[in-house]
Amino acid sequence: MSTPHGGTLVDHTASKKKSARLKEETREMKSIRLTSGLRKDVQNLANGVYSPLTGFLCGNDFDWVLEESRLSDDTPWTLPIILDVTEEQRKELSIGEEISLLTEEEEPFATLEVEELYGFDKKRMARKIYGTEDQDHPGVKRVMNMKDHLVGGDILQFKKNSTDFEKFHLTPKETRILFREKGWRTIVGFQTRNVPHMGHEYVQKTALSFVDGIFINPIIGKKKAGDYRDEVILAAYDTLMDKYYLKGRAVMSILEAEMRYAGPKEAVFHAIMRKNFGCTHFIVGRDHAGVGDYYGPYDAQDIFDEFPDLDITPVFFKSFTYCEKCGGAVDGHICPHDDKNRENFSGTKMRNMFKEGKTPPEHMMRPEVAKTVLRYEDKFVGDQK
Amino acid sequence: MTEKNYTTVSIPKPLAKKIKKRMEGTGFNSMSSYVTYVLRQVISSMEEEEKAEEFSKEDEEKVKERLRALGYLD
Ligand SMILES: [Zn+2]
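These protein sequence lines map, in sequence, to chains X and B.
Position one of the first sequence corresponds to residue 1 (the numbering used here), numbered consecutively onward.
Position one of the second sequence corresponds to residue 386 (the numbering used here), numbered consecutively onward.
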């Protein structure tokens, strides 16, 4: 199993006693209401998903991440985990003060010890992280819409994790104990935000044949209209794993975090998080975490060359297709046939079939998986009434 | 980044010569970036060997109980 990133698995959840005290004390504290994305960041900080981070970045680390893709102690780190506040909020806060963090529903659930208040240049951040200032890029747009100031400091979570999918929510501590109990020494992580088709299964099982176990880790959070709803993705995977995977070799749990669409930098960030869950390997596909045509198809693979000290082995897959002559998923290394025998695993095509109530063909998707998806009336984000 | 984040180390000239030779064809454009790369690799592999993970007994039991309840462990 991998050592946690930076050496130690962070646990910034309060003890029972302390939690009871904080529930009282936070009533008197100044508070900041978080978006759902930031609330998830706090949970990930508290549970060690973002180890070695113990809180929101201060200015020095922020600069290091932007300029060097590392924390100021040289640990690889590619995306800044930051908390933005308004000018008014900044004026109210003082250094050293403990404040209360609220969920979207205004429930106190964590505290933050204010260590630094600082301004930042949004355009610079967009350029450094996303490689563009183009506001059509969803990540850039998000940065430009952020409040103007940042608060750095350690957090402490005193309420249980809030999740819509209790059954599938495991912390790094839990996955590490689970993998150890299963006797896995080498584990490959798979990131997804899609219903699995035969191409995914091919990638997962190819990787799995070289390691002890696979950790399927769908990212759950804000999605674009037209994406599969989280519930549908989880049910589809549940079906696939039940019918086509060995229980002793595959585990699924969710990662609650927002996609940032930062392409290569996000691919490294995804690998780091999976390392904290205990993975020794991580699958990086074509245009991993990309959006539009902002990044080259293999930029997210090439970036790993810059991190000889990442301590999780990326497993790279090029694009793969179905070949009717080979009778299965193939890539350019293994199939001698030409394009007329091949068909792309087109997620868009399958989505469109589902929209019309049709079942994708068996060579594209397992019939049991398709059946599971079809069971849902509202399959996609934006479908709900 | 700004220069304040960098420092200089001295190495024997013959070693520098060797390193230069090694660098050929690697795509690195300066000895500093090459040496940084190699050192990061070496140091991280040393750190990797250092630890075994420990959770408290209570923690372990609590976690295993939850894993069983959710069906992850038998
Ligand atoms: Zn073929």
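C-beta atoms are modelled at their ideal positions from N, C-alpha and C, and glycine is treated no differently.
Buried/exposed call for residue i, threshold 16 Cβ in 10 Å
i      : result
H333/X : exposed
A225/X : exposed
S51/X  : buried
K385/X : Only weak support exists for where K385/X lies, its pLDDT of 44 falling under 50; the coordinates are left without a value.
S415/B : exposed
G410/B : exposed
R453/B : exposed
G96/X  : exposed
P367/X : exposed
P397/B : exposed
A401/B : exposed
H337/X : exposed
M350/X : buried
Contact under 8 Å by Cβ, residue i with residue j
i      : j      : result
I394/X : F215/X : Not covered by the structure: residue 394/X. The range shown for chain X is 1 to 385.
I283/X : F307/X : no
V49/X  : P172/X : yes
E87/X  : D148/X : yes
T175/X : S253/X : yes
M364/X : M198/X : yes
E113/X : G153/X : yes
Y244/X : A329/X : no
T151/X : L83/X  : A quick correction: the sequence has Val, not Thr, at residue 151/X. Cβ distance < 8 Å, so V151/X and L83/X count as in contact.
L458/B : K447/B : no
T78/X  : K265/X : yes
A267/X : I303/X : yes
G373/X : A236/X : The amino acid at residue 373/X is misidentified as Gly; the sequence shows Val. Cβ distance < 8 Å, so V373/X and A236/X count as in contact.
D331/X : F320/X : yes
D212/X : W184/X : yes
A207/X : H137/X : no
Inter-residue CB distance, residue i and residue j (contact presumed, cutoff 8 Å)
i      : j      : result
M273/X : G221/X : Actually they are not in contact, since the Cβ atoms of M273/X and G221/X sit about 13 Å apart, beyond 8 Å.
P108/X : S31/X  : 7 Å
Q135/X : K128/X : Between K128/X and Q135/X the Cβ distance is about 16 Å, and since that is not below 8 Å, they are no contact.
K40/X  : E377/X : In fact, because the Cβ distance is near 27 Å, the residues do not count as touching under 8 Å.
E115/X : C58/X  : 6 Å
L156/X : T111/X : 5 Å
K275/X : S2/X   : 5 Å
Y298/X : R286/X : 7 Å
A300/X : G263/X : 6 Å
L117/X : R90/X  : 5 Å
Residue of the options minimising C-alpha distance to residue i
i      : options                        : result
L424/B : F380/X, D309/X, E324/X, H337/X : D309/X
K159/X : Q43/X, Y322/X, I129/X          : Q43/X
E74/X  : K398/B, K447/B, T421/B         : Note that residue 74/X corresponds to Asp in the displayed sequence, not to Glu. Cα-wise, what sits closest to D74/X is T421/B.
R375/X : T26/X, R229/X, V140/X          : R229/X
M353/X : N344/X, A370/X, D338/X, K340/X : A370/X
T54/X  : T372/X, T8/X, K30/X            : T8/X
F120/X : T313/X, F165/X, N145/X, T111/X : N145/X
N390/B : S15/X, G382/X, G292/X, W64/X   : W64/X
C335/X : Y322/X, H288/X, F345/X, S346/X : Y322/X
S162/X : N344/X, R21/X, K340/X, N47/X   : N47/X
G248/X : H169/X, R180/X, R21/X          : R180/X
S168/X : I81/X, G213/X, L117/X, D238/X  : Strictly speaking, residue 168/X in this sequence is Phe, with Ser absent from that position. The candidate whose alpha carbon is nearest that of F168/X is D238/X.
P80/X  : R21/X, E24/X, R124/X, N194/X   : R124/X
Name, going along the chain, the residues of the region 395-418 of chain B whose beta-carbon falls closer than 7 Å to a beta-carbon of chain X. Hits within the stretch: zero.
Please identify, using Cβ separations under 7 Å, the residues of the region 151-180 of chain X that lie next to chain B, in order along the chain. Within the region 151-180 of chain X, the qualifying residues are K167, K173, E174, R176, I177, L178.
Given a limit of 9 Å on CB to CB distance, which residues of the region 125-142 of chain X reach chain B? Listed in sequence order: no entries.
Hey, which residues come within less than 6 Å of ligand 3, measuring from Cβ to any heavy atom, in chain order? For the structure depicted, ligand 3 is absent and the ligand set comprises only ligand 1.
Please list the residues of the region 234-254 of chain X that have a C-beta atom closer than 7 Å to any C-beta atom in chain B, keeping them in chain order. Residues are counted here when their Cβ sits less than 7 Å from a Cβ of chain B; for the region 234-254 of chain X these are V251, given in chain order.
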